[in-house]
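Position in the sequence shown counted from 1, then plus 39, gives you my numbering. Glycine residues also receive a C-beta, built at the ideal position from the N, C-alpha and C atoms. Note that the structure is a prediction, hence the values are computed from the model and not measured.
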Amino acid sequence: MLEVPARCVIGVDLGGTKLLAGAVDPERLTVHHRARREAFGLDQTALIEAVVEAVQEASDAVGGAVDAVGFGIPCTFDRRRGIAVQAVNLPLADLPFADLMSERLGLPVEVDNDANCAVWAEARAGAARGAADVAMLTIGTGIGGGLVLGGRLYRGWVGAAAELGHMVVDMDGPPCQGNCPNWGCLEAVASGTALVREAALRVAREPDTPLGHALENGHPLTGPLVTELAFDGDPVAAESIRVIGERLGVGIANLVNIFNPEVVVIGGGVIAAGELLLEPAREAMKRRALEPARDLVRVAATMFGAESGMIGAALLAADPGAAE
Ligand SMILES: [Zn+2]
């Protein structure tokens, strides 16, 4: 049992399907309680109630000794007005989220994009610890992006920056997802959604494979299934992940050329594929990016995994000034 610290901050990662609130000791980065709630299908009012409940649960678990609450939301922001402008997968639009939550919870509240929170956690204490220039891609249903430049979180003019998943890697590529009006974004060709699409196309041509047999037996085609079978040596699953990794490497080459990061951190559900994804990504990046940046950059998997957004949100709430 971890000793409950004198003071905690609460980090909340608000995803499209579920939300995770953790009571975090900001000094030791230990998580003392995790509260989970379903978010899928909720309207705005129900979603906000679920958030308040989860924060309350985490707060009660540490005896209410909470200094602040941080939120990571997959959403674009206008920090001039403190407004969550547009979320692809959540019923939040033009909402003064920080003010609303601060009023409901009676605590100081910090709000940022979920991938901004994730890169902050990795740069401060995770896979990019000690690095001042870090880019992160979180690869799930979509692709989130975060940047730490010169030791600070890079938010852009109004807080809408680092939408790295929406860099175009194929001008005539497929339409992007959700509210994005673009074509051939990295998200459109290298996300978890793209992985499933790639595997579906390939298994249709090669049904006599472990993946083909799994589908015949009624297993739904998902990223985790493709990943599991790729590790078992299924050729279709392995090739699908290799292709996604290669495309990811094209995106990483752009990041390396533009930002010269010391570390590029890869997170999100798809990083469960580990080196099956990272190796072809590194190879493609090295073939395409310029020296010396390409030879010096480290491309690494997230250290905090599914909790990087939650922990980063807590760190931002504990010390918002450190990111600015
Ligand atoms: Zn896009």
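Restricting to Cα atoms, I'd like to know which of GLY272, ALA132 and LEU315 is closest to ILE305.
Start at 1 with the first residue of the sequence shown, and residue 305 comes out as number 266. Of GLY272, ALA132 and LEU315, the residue nearest in Cα terms is LEU315.
I need the DSSP call for CYS215, collapsed to helix, strand or coil.
Locating residue 215 in the sequence shown gives position 176, where the first residue counts as 1. DSSP places CYS215 in coil when its eight states are reduced to three.
If you measure from the beta carbon of ASP271 to each beta carbon in chain D, is any gap under 7 angstroms?
Chain labels in this structure do not include chain D; a single protein chain is all it has.
Return the CA-CA distance between ALA93 and PRO319, expressed in angstroms with no decimal places.
Position 54 of the sequence shown, counted from the first residue, corresponds to residue 93. Position 280 of the sequence shown, counted from the first residue, corresponds to residue 319. Computed Cα separation, rounded: 39 angstroms.
So what's ARG119 in DSSP terms, helix, strand or just coil?
Looking up residue 119 in the sequence shown gives position 80. Coil at ARG119, not helix or strand.
Can you check whether the CB of GLU202 is closer than 7 angstroms to the CB of GLY184?
For the purposes of this step, residue 184 is taken as residue 145 along the sequence shown, with counting starting at 1. For the purposes of this step, residue 202 is taken as residue 163 along the sequence shown, with counting starting at 1. In this structure, GLU202 lies closer than 7 angstroms to GLY184 by Cβ.
Bridge partner(s) assigned by DSSP for LYS57
Within the sequence shown, the letter at position 18 stands for residue 57. Looking at the DSSP assignment, LYS57 forms a beta bridge with GLU77.
Ligand 1 and HIS72: does the residue's C-beta get closer than 6 angstroms to at least one heavy atom of that ligand?
Here residue 72 refers to the residue found at position 33 when the sequence shown is read from its first residue. No, the Cβ of HIS72 stays beyond 6 angstroms of every heavy atom of ligand 1.
If you reduce the DSSP assignment to three classes, tell me which class GLU149 lands in.
As a working note, residue 149 is residue 110 in the sequence shown. It is a strand residue.
Close-in-space but distant-in-sequence residues of the same chain around GLN125 (CB under 7 angstroms, 5 per side omitted)
Here the question's residue 125 lines up with position 86 in the sequence shown. If we look at GLN125 and ignore the five residues flanking it on each side, its Cβ neighbours are CYS114, THR115, ALA132 and ASN218.
What separation, rounded to the nearest whole angstrom, lies between the Cα atoms of ASP151 and GLU255?
Counting from one through the sequence shown, the residue named residue 151 turns up at place 112. Counting from one through the sequence shown, the residue named residue 255 turns up at place 216. Cα to Cα, the separation comes out at about 43 angstroms.
Is ALA345 near LEU355, with beta carbons less than 7 angstroms apart?
Sequence index remark: in the sequence shown, residue 345 carries index 306 (1-based). Sequence index remark: in the sequence shown, residue 355 carries index 316 (1-based). No. Outside cutoff.
Given a threshold of 16 other Cβ atoms within 10 Å of its Cβ, counted over all protein chains shown, does PRO65 qualify as buried or as exposed?
For this step, residue 65 is matched to residue 26 along the sequence shown. It counts as buried.
Whole angstroms is fine: what's the gap from GLN216's alpha carbon to PRO147's?
Your numbering for residue 216 matches position 177 in the sequence shown. Your numbering for residue 147 matches position 108 in the sequence shown. If you take the alpha carbons of GLN216 and PRO147, they lie about 34 angstroms apart.
Euclidean distance between Cα positions of LEU192 and HIS205
Counting from 1 along the sequence shown, the entry for residue 192 is found at position 153. Counting from 1 along the sequence shown, the entry for residue 205 is found at position 166. Straight-line Cα distance between these residues: approximately 19 angstroms.
If I follow the unbroken alpha helix (DSSP H) through PHE110, where does it start and stop?
Residue 110 sits at position 71 when you count from the first residue of the sequence shown. Premise fails: PHE110 lies in the beta strand (DSSP E), 105-112, not in any alpha helix (DSSP H).
With DSSP as the reference, label THR266 as helix, strand or coil.
The residue you call residue 266 lines up with position 227 of the sequence shown. Note: THR266 maps to helix in three-state DSSP.
Give me the residue from ALA107, ALA171, ASN155 and ARG168 with the minimum Cα distance to SER141.
Here residue 141 corresponds to residue number 102 of the sequence shown, with the count starting at 1. If we check each option's Cα against that of SER141, ALA107 comes out closest.
Relative to the C-alpha of ALA312, which residue among GLY272, GLY102 and ARG168 is closest?
Residue 312 sits at position 273 when you count from the first residue of the sequence shown. Nearest option by C-alpha distance: GLY272.
To which residues of the same chain is VAL289 closer than 7 angstroms at the C-beta, ignoring the five residues directly before and after it?
As a working note, residue 289 is residue 250 in the sequence shown. The residues are VAL208, ALA323 and ARG327.
Is the Cβ-Cβ distance between ALA332 and ASN293 less than 7 angstroms?
Translated into positions along the sequence shown, residue 332 becomes position 293. Translated into positions along the sequence shown, residue 293 becomes position 254. For ALA332 and ASN293, no; Cβs fall outside 7 angstroms.
MET206 - containing alpha helix (DSSP H), residue span:
Walking along the sequence shown from the start, residue 206 turns up at place 167. Looking at the DSSP string, MET206 is not in any alpha helix (DSSP H), and its letter there is neither H nor E.
Check the DSSP bridge columns for ASP52 and list the partner residues they point to.
Within the sequence shown, the letter at position 13 stands for residue 52. In DSSP, ASP52 forms a bridge with LEU59 and GLY111.
With a 10 Å radius around its C-beta and 16 neighbouring C-beta atoms as the bar for buried, classify GLY308 as buried or exposed.
Locating residue 308 in the sequence shown gives position 269, counting from the first residue. Per the 10 Å Cβ criterion, buried.
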